[in-house]
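> Structure incoming, see below.
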Amino acid sequence: MMAGQQFRREFSVFLNEEVKVELKDGSVISGILRAYDPDTFSLLLEDAVVKGQTYKNVMINGDVVSIVYLKEKKVDLEALAKRLEEVFPRLVEYRKDLGVIIVMNRIRVTEEGVEGEPGPTYDRVKKIYEEFIRGG
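For the sequence shown, my numbering assigns the number 354 to the initial residue and increments by one for each residue that follows.
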């Protein structure tokens with residue numbers, strides 16, 4: 354695969370995600386990347402914040418873009434623990450101080466994923482985690 358094609362494929366991961374765009378003049382615009390031109394890398398941001406003001410849509414010419422950052426999604430472990438509690442009543446412990454959810458005293462769930470012995474319970478917890486991350 355040519356480098357340009359791979360770059361375009363990788364950049365498409367940014368679509369529908371919150372990004373921060375640094376322009377060549379040093380200014381910063383953040384918002385949700387809704388579209389981009391693969392030839393010029395011009396960008397369309399939704400709910401964009403520009404100098405403290407929010408705009409429904411902002412189009413940015415690719416010639417002025419310096420850096421595009423993909424904002425990291427934080428996992429709401431407390432909400433995930435509540436979801437797991439629905440499936441595993443009284444078997445879920447959320448340790449906010451450690452950033453971990455413990456299911457049945459043997460499966461650990463963190464922002465990074467699910468850890469534990471493979472088996473039906475692990476598979477179920479992992480499925481719930483993945484659905485939660487996807488927003489399901």
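All C-beta atoms in this analysis are idealised placements derived from N, C-alpha and C, irrespective of residue type, glycine included.
Just the C-alpha distance for VAL372 and GLU446, rounded to the nearest angstrom, thanks.
Answer to the nearest angstrom: the Cα atoms are 33 Å apart.
> Three-state secondary structure (DSSP) at LYS409?
In the structure shown, LYS409 sits in a strand (DSSP, three-state: E or B).
> Say whether the region 401 to 419 touches the region 432 to 451, bearing in mind that this needs 3 or more beta-carbon pairs closer than 8 Å, one atom from each stretch.
Counting Cβ pairs under 8 Å, fewer than three are found: no touch.
> Which class does LEU433 belong to by DSSP, given the choice of helix, strand or coil?
Correct three-state label for LEU433: helix.
> Would the beta-carbon of VAL456 fall within 8 Å of that of PHE441?
It is a contact, given that the beta carbons lie within the stated cut-off.
> Tell me, which residues are paired with SER383 by DSSP?
SER383 pairs with LYS373, VAL402.
> Is VAL421 near VAL411, with beta carbons less than 8 Å apart?
Not a contact, by the Cβ cut-off of 8 Å.
> Beta-carbon separation of VAL374 and LEU396 under 8 Å?
Yes, the pair counts as a contact, with Cβ atoms nearer than the cut-off.
> In angstroms, rounded to a whole number, what distance separates the CA positions of ILE385 and ARG477?
Cα to Cα, the separation comes out at about 32 Å.
> Which one of GLU465, PHE364, GLY488 has the shortest CA to CA distance from ASP392?
Ranking the options by Cα distance to ASP392, first place goes to PHE364.
> Taking 8 Å as the threshold (C-beta atoms), are VAL467 and ILE460 in contact?
Their beta carbons are under 8 Å apart, which means ILE460 touches VAL467 by this criterion.
> Alpha carbon to alpha carbon, what distance is there between LEU437 and TYR475?
Going by the C-alpha atoms only, they are around 12 Å apart.
> Sort out for me which residues DSSP pairs VAL366 with in a bridge.
DSSP lists no partner for VAL366.
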